[in-house]
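The next block holds one structure in the form of structure tokens; read it before the comments.
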Amino acid sequence: MEKMTEKNIRRATADSEFFRTLPPANMLHVMIRSIIDTGQVDEKLLTVWYENEDRWGEVTEEERMDQILMVLDQWNPSDVLRYMQKKGFVGFCLPRLMPIRKVMDKKTYYAIIDNFNELKDRNLGFRLNVFLFPFDPAHIRETLEACNMTDDAVNMISWALDHYIDFIHIRNEKKLKQFIRSSSVADYYYMDDLAQAVWEVTHMNEYRRGDSRKAVDALLRAGVPFEADDLEVTDEELQDEAGIGREEEIRAVRELLVDECLFHKLRNSRGNLLEKARNLAGSRKLQQEIRRQA
Numbered sequence: 001m002e003k004m005t006e007k008n009i010r011r012a013t014a015d016s017e018f019f020r021t022l023p024p025a026n027m028l029h030v031m032i033r034s035i036i037d038t039g040q041v042d043e044k045l046l047t048v049w050y051e052n053e054d055r056w057g058e059v060t061e062e063e064r065m066d067q068i069l070m071v072l073d074q075w076n077p078s079d080v081l082r083y084m085q086k087k088g089f090v091g092f093c094l095p096r097l098m099p100i101r102k103v104m105d106k107k108t109y110y111a112i113i114d115n116f117n118e119l120k121d122r123n124l125g126f127r128l129n130v131f132l133f134p135f136d137p138a139h140i141r142e143t144l145e146a147c148n149m150t151d152d153a154v155n156m157i158s159w160a161l162d163h164y165i166d167f168i169h170i171r172n173e174k175k176l177k178q179f180i181r182s183s184s185v186a187d188y189y190y191m192d193d194l195a196q197a198v199w200e201v202t203h204m205n206e207y208r209r210g211d212s213r214k215a216v217d218a219l220l221r222a223g224v225p226f227e228a229d230d231l232e233v234t235d236e237e238l239q240d241e242a243g244i245g246r247e248e249e250i251r252a253v254r255e256l257l258v259d260e261c262l263f264h265k266l267r268n269s270r271g272n273l274l275e276k277a278r279n280l281a282g283s284r285k286l287q288q289e290i291r292r293q294a
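According to the UniProt record's numbering, the sequence shown is numbered sequentially starting from 1.
Below is the structure:
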């Protein structure tokens, strides 16, 4: 999209003939800015927009997503989102995601746009994650990739939406530990924040999360390891005092020690870890873990 000055945006908003001279991506931007600034788009601009329907394909998916992000970055975007939905702009900006087919997903979508003002987190990536919640995860990934988002952003948003339902149904400590072990502590906190945000903007009991944060905080305070780097033993100690020699053996032992601490109550202390490592040295269990990691 060609960069526009604020002066030209105002001129295009007030002058439909000048608006007509713009590339379609700039037309779209001017209309979305008008909705943000005034709550609507002048009918003359809409007429010009529809007259140029044969040129809509010139607007890239990245340019369309930029308009969604601009709206989501507003403090109170609900009215803008409702107007955009009414006029078909959400569908235009997210062609791979709209229309929504499932009744439950539609209900969730309208709840989110109606209540998006209640989302106070200002991180734009997080706000996008909440907004995309009702849509099909496979199509979300396609959309984000087509918009040239970074791999990290695509993977984080897609992962969170793929695992959301499993997360909110965690009801015991073992399942909670398994979830964090398969991802990370940081991913857990992100997912917990996302689940709370979805609940706050939908007010739908179907999306109410379990209250697990206190349990995770307590485990971390107690020194329970969730990753190999959390263990109170070094690679050198495993080599010198437990007889774990090769690099792949050390990696495998460290992963097994984390599991022992998490699921079998092994205390995360140097002495206990070294004793367990000696028992694992040369064991079938260690060989199986080495093969799993290979």
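Just so it is clear, CB atoms sit at the ideal spot from N, CA and C, and this is done for glycine as well. From a predicted model like this one, the values you see are computed outputs, not experimental measurements.
Query raised in the report: With a CB to CB cut of under 7 angstroms and the five nearest residues on each side skipped, what residues in its chain are close to residue 118?
Result: In the sequence shown, residue 118 corresponds to position 118, counting from 1. Scanning its chain for C-beta atoms nearer than 7 angstroms, with the 5 sequence neighbours on each side dropped, one finds around residue 118 the residues 200 and 201, in chain order.
Query raised in the report: Where in the stretch 119-175 do unbroken runs of the beta strand (DSSP E), each at least 3 residues long, occur, reported from the N-terminal end onward?
Result: none
**Report entry** Under the three-state DSSP convention, the category residue 281 falls into
**Finding:** For this step, residue 281 is matched to residue 281 along the sequence shown. Per DSSP, reduced to three states, the secondary structure at residue 281 is coil, with no helix or strand assignment.
**Report entry** Own chain residues within Cβ distance below 6 angstroms of residue 122, not counting five before or after
**Finding:** Taking the sequence shown and counting its residues from 1, one reaches residue 122 at position 122. In the same chain as residue 122, and ignoring 5 residues on each side of it, no C-beta atom comes closer than 6 angstroms to its own.
Report task. Could you name each continuous beta strand (DSSP E) segment of 3 residues or more that falls completely within the stretch 60-84, going from the start of the chain to the end? Result -> none
Requested in this report: Consult DSSP for residue 57 and reduce its assignment to one of helix, strand or coil.
Outcome: Counted from its first residue, the sequence shown places residue 57 at position 57. Note: residue 57 maps to helix in three-state DSSP.
Requested in this report: May I ask you to report which of helix, strand or coil DSSP gives residue 100?
Outcome: For the purposes of this step, residue 100 is identified with residue 100 of the sequence shown, where counting begins at 1. Coil at residue 100, not helix or strand.
Query raised in the report: residue 74 to residue 130, Cα distance in whole Å?
Result: Numbered from 1 along the sequence shown, position 74 holds the residue referred to as residue 74. Numbered from 1 along the sequence shown, position 130 holds the residue referred to as residue 130. One C-alpha to the other measures close to 14 angstroms.
Report task. Could you spell out where the alpha helix (DSSP H) holding residue 239 opens and where it closes? Result -> The residue given as residue 239 occupies position 239 in the sequence shown. Segment 235-242, the alpha helix (DSSP H) holding residue 239.
Query raised in the report: What separation, rounded to the nearest whole angstrom, lies between the Cα atoms of residue 240 and residue 232?
Result: Translated into the one-based positions of the sequence shown, residue 240 becomes position 240. Translated into the one-based positions of the sequence shown, residue 232 becomes position 232. The straight-line gap from Cα to Cα measures roughly 15 angstroms.
**Report entry** For residue 5, three-class secondary structure by DSSP
**Finding:** Position 5 of the sequence shown, counted from the first residue, corresponds to residue 5. DSSP places residue 5 in coil when its eight states are reduced to three.
**Report entry** Exposure label - residue 268; buried when at least 16 CB within 10 Å
**Finding:** Sequence index remark: in the sequence shown, residue 268 carries index 268 (1-based). Label assigned to residue 268: buried.
Report task. Report, in whole angstroms, the separation of the C-beta atoms of residue 258 and residue 277, which I expect to be a contact under 8 angstroms. Result -> To locate residue 258, count along the sequence shown from 1; it is residue 258. To locate residue 277, count along the sequence shown from 1; it is residue 277. With a Cβ gap of about 12 angstroms, residue 258 and residue 277 do not count as contacting.
Requested in this report: Could you check how far apart the C-beta atoms of residue 41 and residue 87 are, in whole angstroms? I think they sit under 8 angstroms.
Outcome: Position 41 of the sequence shown, counted from the first residue, corresponds to residue 41. Position 87 of the sequence shown, counted from the first residue, corresponds to residue 87. 7 angstroms between Cβ atoms; contact.
Query raised in the report: Given a threshold of 16 other Cβ atoms within 10 Å of its Cβ, counted over all protein chains shown, does residue 99 qualify as buried or as exposed?
Result: Start at 1 with the first residue of the sequence shown, and residue 99 comes out as number 99. Label assigned to residue 99: exposed.
Requested in this report: Check whether the stretch 33-40 touches the stretch 65-84, counting contact only when three or more Cβ pairs, one atom from each stretch, lie closer than 8 angstroms.
Outcome: yes
Query raised in the report: By the 10 Å Cβ neighbour count, where 16 or more other Cβ atoms means buried, how is residue 260 classified, buried or exposed?
Result: Position 260 of the sequence shown, counted from the start, is the residue given in the question as residue 260. Buried is the call here.
**Report entry** Where residue 201 sits in the DSSP three-state scheme
**Finding:** Sequence index remark: in the sequence shown, residue 201 carries index 201 (1-based). Correct three-state label for residue 201: helix.
Query raised in the report: How many angstroms separate the CA atom of residue 30 from the CA atom of residue 45?
Result: For the purposes of this step, residue 30 is taken as residue 30 along the sequence shown, with counting starting at 1. For the purposes of this step, residue 45 is taken as residue 45 along the sequence shown, with counting starting at 1. Just so you know, the alpha carbons of residue 30 and residue 45 end up roughly 9 angstroms apart.
Query raised in the report: Just the Cα atoms here: how many angstroms apart are residue 285 and residue 263?
Result: Within the sequence shown, numbered from 1, the residue matching residue 285 stands at position 285. Within the sequence shown, numbered from 1, the residue matching residue 263 stands at position 263. Looking at the two C-alpha atoms, the distance is approximately 16 angstroms.
Query raised in the report: Three or more beta-carbon pairs under 8 angstroms between the stretch 99-109 and the stretch 183-194, yes or no?
Result: no
Requested in this report: Quick one: residues in its chain with C-beta nearer than 7 angstroms to the C-beta of residue 70, no 5 flanking neighbours on either side, listed in chain order?
Outcome: What you label residue 70 is simply residue 70 of the sequence shown in a count that begins at 1. Around residue 70: 32.
**Report entry** For residue 19, the first and last residue of its enclosing alpha helix (DSSP H)
**Finding:** In the sequence shown, residue 19 corresponds to position 19, counting from 1. 16-20 is the span of the alpha helix (DSSP H), which, as asked, contains residue 19.
Report task. Within 10 angstroms of the Cβ of residue 53, are there 16 or more other Cβ atoms? Answer buried if so, exposed if not. Result -> One-based indexing of the sequence shown puts residue 53 at position 53. When all chains shown are included, residue 53 counts as exposed.
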